[in-house]
Structures are given as structure tokens and as C-alpha cells.
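Have a look at the structure below, then the notes.
Residue numbers (the numbering used here), protein chains in the order written: chain R, 1 to 222; chain S, 1 to 222.
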């Protein structure tokens, strides 16, 4: 006996998940385009970004419509405003996948510096963080959201590991500098994806537990 | 003959501006701590970040309260949801000022690579973008917001200029690599501040003109 509004809220969550899937695919494809040196795939990620942007706008409009029309109470209202904020994070993750693809296009033009090992590992963790943070949103599972927060340090550590390894390349052979710096950028981009996933997870904990854990002294919070 | 709600909306704008001022100060102090090699100032910026975070939470709570209590109509509702999103951008700019301060602390421990010239110029542009985007919000001035968007390319170009100059240092003298890479990070951080200001300006145009210009083919939009 769900009301029209309850169904609308379910649909809204579904649309956020759809945006999440698009963005997850953009992350994995951008990394694949780098690791497999597939510039066609990198161009595809860039071409598909407007789909992400369109869905971002659609969700925003739907949230405004629901608030204006249904005048939701505290809990539902928080769900809707949280959806609006989460959508902004997802859209920016999409932009970062475009950044990674642009670096892939450049790096694919030059000889490969070394096989990519840590970068795909980092990306896999970051992508899993995005997926689980959205899963936590839809299920209202704050324990899962809190668990996502603990993974941010793994990504940060891998980012430093990549940085130090590439520093070694650059110091030993100046010819590698341009490529190596671009790879440190990719590593930084992935770290930012993990930061966005952390932001989403913090908002989910806030939504579910009604507590402000953003900015508190918990792993990954800043 | 303003109503209580109209005064509450003015207060809300005032609080967003207050957060904007805190964040602007954090940007300029973080850059100053780098340029003047003042590690005490860098530590100050890091210590003051909780003030930014507290104000972010306060604005969020006030927005939720206003929506629930006043059931605002379309225009006011958009203003409030936009304020919530803008606040998130401002809080993250505060985080970036912390990142810059952390790099300043590290760089101040080593001999200076070269005088900083483009970095403070970039930071000044980015800071002006933040200030004017918020000014545009408060005045409902979409022309100003659109003008802010055009400045993003200047920051992007300076970022590439800094990058290329530092690349030259790194290639010529491997001993500079660690410092030079950290300075490219600072340059990237400033570019991200400009991106956040661009996001804010796009939201203001959207709010004022009721049009979605986010993601459209305008300078700086992505």
C-alpha cells in the first residue's frame, strides 16, 4: 500500500543508482583505456559524459519538483536534499573519468613507461567505494557507509606509493618526467574519486543516523 | 515590510557570505604561507578549518529547517537548495586551502626552488572568482556570474604554464623533482578552487535565469 510519493522516492533512488552505474562504467573504462592503451575507449568515455550531465540535471529537477509538490517531512526531505548533493558528487566523478581519459589519450601516444599495477588496484577500490556508498544510500545501511570510509586511507597510501615510485623514475631518467608526471596526475584523480565516495558515504551516515559525522575525527573524514 | 521568512533568507545569504569570507582568507593565507615561507601561518590555516566545517553544517541545518517550516515556493526553494550545494563547494575549497598549507609546510622545510610568481597570480584570480560568484548569488546578478565563468580558462592556462616551467627544472636537475612535483600539486589545487568557483557561478546563473547552463558549451563549463 505504497503511496504515489513513496513510489516517487523509490524512482528517485533508482535514477541515482542509474547515474551511479554510468559513472562507475566511466571510471573502469577510463582506466582500461590507459592500461590497455585503447584510445578509442578513452574517446568513448569523453563522448558519453553528456549522458552523465543530463541525468544530473534530471535528478535535480525531480528533487525540486518533489519538495515543492509533496512538501515532504523531515526524513524524506533529508533524503531528497541528500540525493541532490550526492548527484553533484557523481557528476564530478564523471568529470574526473574524462580527465583520466584525456591523460590516457596523451600517454597512449608515447612509449609505455612501465606496466600499470597500482593504478588499476586503486581505481578498483575507489570504484567499489562509489558502488557501496550508493548501495548504503538505497538500503539505508549506515554500517556499510561507515565501512566505505575506512577504505579511503588505502587509496591515499597507494597514491603515495605510486608517487614515490614515479619520483624514482624521474630522478633516474629525466626523459621519463613528462610521462611520469601525467601518471601521478591519474593517481591523484583516482584519489579524488575516493574522496567523492567518502563524501557520499558521510552524507549517507548523516541521513540514516541523523548525526553529523561529516568533519568529525573518523577515518577518511576531513 | 519584509516578512520573517524574507529576513530568514537574507540571514541565510549572510551566513553563506561569512563562510565565503572564511574560505577566501584560508586561500590567501595558505598561498602567503608558501610564498613567504611562513609555516606558522600554514599551521593556522589547518587549525582554523573546523570553523569552516562548523559553518557548513550550520547552513545545511538552517536550509532544512527553512524548507520544512516555511514550505517555500519555487524561486525561494531553488535559492535554498542552491545555498546547500554552494556551501558544499565552499567547504571543499576550505579543504583545498588545507592541502595547499600542508604542501607549504613540506616545501618550507627545503631550500626554495625559485620565487613564486605565477602561483600567487593564479590564486588571486581563483580567489576573485569565489568572491564574485558569491557576490553574484547575493545580488542575483547572473551577468557577473557569467563573467566569472570566463576566467576559468586563465587559471587553466597558468596551470599549464607552471607545469611546463617545472617540467624544465625537473628534466635539467633531478634533485629538484620532489619539490617541483609538490609545486605542480599546489598549482593543480588552485585550478580546482577555480573549478569550484565555476560550479558556484553556474549554479547562480541557473538560479537567476532559471536555465540549466551547467554542462552547456560555455567557457569553463564541463
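Glycine included, every Cβ here is placed at the ideal spot set by N, Cα and C. Remember, predicted model here, so these are calculated numbers, not experimental data.
- Among the residues of its own chain, which have a CB less than 7 Å from the CB of residue 210 (chain S), if the five just before and after it don't count? none
- Query: Which ranges would you report for the alpha helix (DSSP H) in the stretch 22-104 of chain S if only whole runs of at least 4 residues count?
  - Reply: 39-70
- Contacts around residue 163 (chain S), its chain only, beta-carbon distance under 8 Å, and the 5 residues preceding and following it disregarded: 184 and 187
- Item | Extent of the continuous alpha helix (DSSP H) run through residue 199 (chain S) | 177-209
- Message: Under 8 Å, with one C-beta from each stretch per pair, do the stretch 90-100 of chain S and the stretch 15-29 of chain S reach the 3-pair mark?
- Response: yes
- Item | Cβ-based burial, residue 9 (chain S) [other Cβ within 10 Å; buried from 16] | buried
- Quick one: Cα of residue 219 (chain R) to Cα of residue 142 (chain R), how far? Because the pLDDT at residue 219 (chain R) is just 49, under 50, the model does not fix this residue reliably, and the point stays unresolved.
- Query: Would you call the CB atoms of residue 155 (chain R) and residue 136 (chain R) closer than 8 Å?
  - Reply: no
- Please classify residue 51 (chain R): is it buried, with 16 or more other beta-carbons within 10 angstroms of its beta-carbon, or exposed? exposed
- Using DSSP with H/G/I as helix, E/B as strand and the rest coil, what is residue 159 (chain S)? helix
- Item | Three-state secondary structure (DSSP) of residue 15 (chain R) | helix
- Same chain, Cβ closer than 7 Å to residue 76 (chain S), neighbours up to 5 away in sequence not counted: 9
- Query: What in chain R is Cβ-close to residue 71 (chain S), meaning under 8 Å?
  - Reply: 71
- Rounded to the nearest angstrom, how far is the Cβ of residue 30 (chain R) from that of residue 104 (chain R), given a contact under 8 Å? 6 Å
- Report yes if the C-beta distance between residue 58 (chain R) and residue 12 (chain R) is below 8 Å; otherwise report no. no
- Contact check, residue 133 (chain R) vs residue 197 (chain R), beta carbons under 8 Å: yes
- Query: With DSSP run on the structure shown, which of helix, strand or coil describes residue 149 (chain R)?
  - Reply: helix
- First and last residue of the uninterrupted alpha helix (DSSP H) at residue 128 (chain R): 118-139
- Give the single residue among R:114, R:176 and R:193 whose Cα lies nearest to the Cα of residue 153 (chain R). R:193
- Taking residue 176 (chain R) and residue 79 (chain R) to be in contact with their CB atoms under 8 Å, please state how far apart those CB atoms are, rounded to whole angstroms. Not quite, the Cβ-Cβ distance comes to about 49 Å (not below 8 Å), so this is no contact.
- Task: For residue 59 (chain R), decide whether its Cβ has a neighbour in chain S, counting only Cβ atoms nearer than 8 Å.
- Result: no
- Going straight from the alpha carbon of residue 72 (chain S) to that of residue 68 (chain R), what length do you get? 8 Å
- DSSP three-state call for residue 174 (chain S): helix, strand or coil? helix
- Query: Pick from R:207, R:37, R:49 and R:122: whose alpha carbon is nearest that of residue 159 (chain R)?
  - Reply: R:122
- residue 166 (chain R) (DSSP reduced to helix, strand or coil): helix
- Query: Should residue 49 (chain R) and residue 98 (chain R) be called a contact, given that it needs their Cβ atoms to be closer than 8 Å?
  - Reply: yes
- Task: On a CA-only basis, which of S:41, S:165, S:70 and S:83 is nearest residue 140 (chain S)? Give me that one, please.
- Result: S:83
- Where the stretch 117-151 of chain R meets chain S: residues whose CB sits under 7 Å from a CB there: none
- Mind listing the chain S neighbours of residue 115 (chain R)? Cutoff is C-beta to C-beta under 9 Å, in chain order. Within 9 Å Cβ-Cβ: nothing; residue 115 (chain R) doesn't reach chain S, min ~22 Å.
- Item | Pairwise C-alpha distance: residue 107 (chain R) and residue 202 (chain S) | 32 Å
- Closer than 6 Å by C-beta to residue 200 (chain S): which residues in its own chain qualify, once you throw out the five before and the five after it? Chain order, please. 86, 89 and 133
- Could you tell me whether any Cβ in chain S is nearer than 8 Å to the Cβ of residue 219 (chain R)? With a pLDDT of 49 at residue 219 (chain R), under the threshold of 50, the modelled position of this residue cannot be trusted, and the question is left open.
- Item | Cβ pair residue 35 (chain R), residue 120 (chain R) closer than 8 Å | yes
- Query: Are the C-beta atoms of residue 21 (chain R) and some chain S residue less than 8 Å apart?
  - Reply: no
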